[in-house]
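**Student:** Okay, handing you the structure first.
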Ligand code: IMP
Ligand code: MG
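Residue numbers (my numbering): 5 to 188.
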């Protein structure tokens, strides 16, 4: 497959942190849980671009409810592999989320600064509810962060790429979540 081929030919790609089969299984389980938790409601999935696009696409297909979609794009200033906590909205939502049951779909939470900013921003628009579903949470954050209702995987505090995640826009199409070794 492409992912393993790339791993052989790109020395900056290290260990597989979460393989494609584990991703697929966990995403199905999260979708089933969300289906139960939101029964009789129509959640609005808000994806944070670009990293969450692949996860959100798979997750949505595992949710057996009439969901709606919107996206926002943010950029956190910082180096290629570390965010600074200064967040800028590059693309805002199209929909009014007032009174809606919003499920924020994030790719990865590291320091939590980006998530904190986006949460505060969305809460100010008075949704009926706001929960967070993050595919990956890096160890180091509080063990059970009550702000993140649904967590795909806890991973060690290494930089990862693949399944939507990038470094300078590359590697998003890898099937697995793979360690990226800076400067290798
Ligand atoms: P935080 O603000 O430190 O939590 O960083 C969150 C944002 O930084 C994510 O939404 C990603 O865009 C990016 N990010 C953090 N860690 C990684 C990583 O390991 N790989 C790719 N992007 C990451
Ligand atoms: Mg990024």
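C-beta atoms are modelled at their ideal positions from N, C-alpha and C, and glycine is treated no differently.
How about residue 43 and residue 156: are their beta carbons less than 7 angstroms apart?
**Tutor:** As a first step, residue 43 is located in the chain shown; it is residue number 39 there, counting from the start. As a first step, residue 156 is located in the chain shown; it is residue number 152 there, counting from the start. Their beta carbons are not under 7 angstroms apart, which means residue 43 does not touch residue 156 by this criterion.
**Student:** Quick check: residue 124 and residue 102, are their CB atoms within less than 7 angstroms of each other?
**Tutor:** As a first step, residue 124 is located in the chain shown; it is residue number 120 there, counting from the start. As a first step, residue 102 is located in the chain shown; it is residue number 98 there, counting from the start. In this structure, residue 102 does not lie closer than 7 angstroms to residue 124 by Cβ.
**Student:** Out of 98, 71 and 20, point me to the one whose CA is closest to residue 189's CA.
**Tutor:** Nothing can be reported for residue 189, as the shown portion of the chain is limited to 5 through 188.
**Student:** Skipping 5 residues on each side, what residues in its chain have a beta carbon closer than 7 angstroms to that of residue 96?
**Tutor:** Here residue 96 refers to the residue found at position 92 when the chain shown is read from its first residue. Counting only Cβ-Cβ distances below 7 angstroms, and skipping sequence neighbours, we find 76.
**Student:** I need the DSSP call for residue 138, collapsed to helix, strand or coil.
**Tutor:** Counting from one through the chain shown, the residue named residue 138 turns up at place 134. Three-state result, residue 138: strand.
**Student:** Tell me the DSSP secondary structure of residue 175 in three-state form.
**Tutor:** Here residue 175 refers to the residue found at position 171 of the chain shown. Residue state, collapsed to three classes: coil.
**Student:** Suppose the cutoff is 7 angstroms on Cβ atoms and the five residues either side in sequence are ignored; what does the same chain contact list for residue 104 look like?
**Tutor:** Numbered from its first residue, the chain shown carries residue 104 at position 100. So the list reads 48, 131 and 132, once near-sequence residues are dropped.
**Student:** At a cut-off of 6 angstroms, would you count residue 164 as near ligand 1, judging by its Cβ distance to the nearest heavy atom?
**Tutor:** Here residue 164 refers to the residue found at position 160 of the chain shown. Flag set: Cβ of residue 164 near ligand 1.
**Student:** By how many angstroms is the C-alpha of residue 144 removed from the C-alpha of residue 170?
**Tutor:** As a working note, residue 170 is residue 166 in the chain shown. As a working note, residue 144 is residue 140 in the chain shown. The C-alpha of residue 144 is placed about 21 angstroms away from the C-alpha of residue 170.
**Student:** Which parts of the stretch 22 to 101 are runs of the alpha helix (DSSP H), unbroken and 4 residues or longer, counting only runs that do not cross its ends?
**Tutor:** 24 to 41 and 57 to 65
**Student:** Per DSSP, what kind of secondary structure is residue 120 in: helix, strand or coil?
**Tutor:** If you number the chain shown from 1, residue 120 lands on position 116. Reduced to three states, the DSSP call for residue 120 is helix.
**Student:** Would the beta-carbon of residue 114 be found less than 6 angstroms away from any heavy atom of ligand 1?
**Tutor:** The residue labelled residue 114 in the question sits at position 110 within the chain shown. Within the cutoff, so yes.
**Student:** Return yes when the Cβ of residue 176 is within less than 7 angstroms of the Cβ of residue 168, no when it is not.
**Tutor:** Residue numbering aside, residue 168 sits at position 164 when the chain shown is read from its first letter. Residue numbering aside, residue 176 sits at position 172 when the chain shown is read from its first letter. A contact, by the Cβ cut-off of 7 angstroms.
**Student:** Alpha carbon to alpha carbon, how far is residue 173 from residue 154? Give it in angstroms, no decimals.
**Tutor:** In the chain shown, residue 154 corresponds to position 150, counting from 1. In the chain shown, residue 173 corresponds to position 169, counting from 1. Computed Cα separation, rounded: 26 angstroms.
**Student:** Cutting at 8 angstroms between CB atoms, please list the residues of its own chain near residue 126, excluding the five before and the five after it.
**Tutor:** Along the chain shown, one-based indexing puts residue 126 at 122. Correct list, in chain order: 50, 101, 106, 108 and 134.
**Student:** Which one or two residues does DSSP pair with residue 113 in a beta bridge?
**Tutor:** Along the chain shown, read from residue 1 onward, the residue named residue 113 stands at position 109. Answer is 141.
**Student:** If you drop the 5 nearest sequence neighbours on each side, which residues of the same chain put their C-beta closer than 7 angstroms to that of residue 60?
**Tutor:** Locating residue 60 in the chain shown gives position 56, where the first residue counts as 1. For residue 60, where only same-chain residues beyond five positions count, the Cβ hits under 7 angstroms are 49, 51 and 109.
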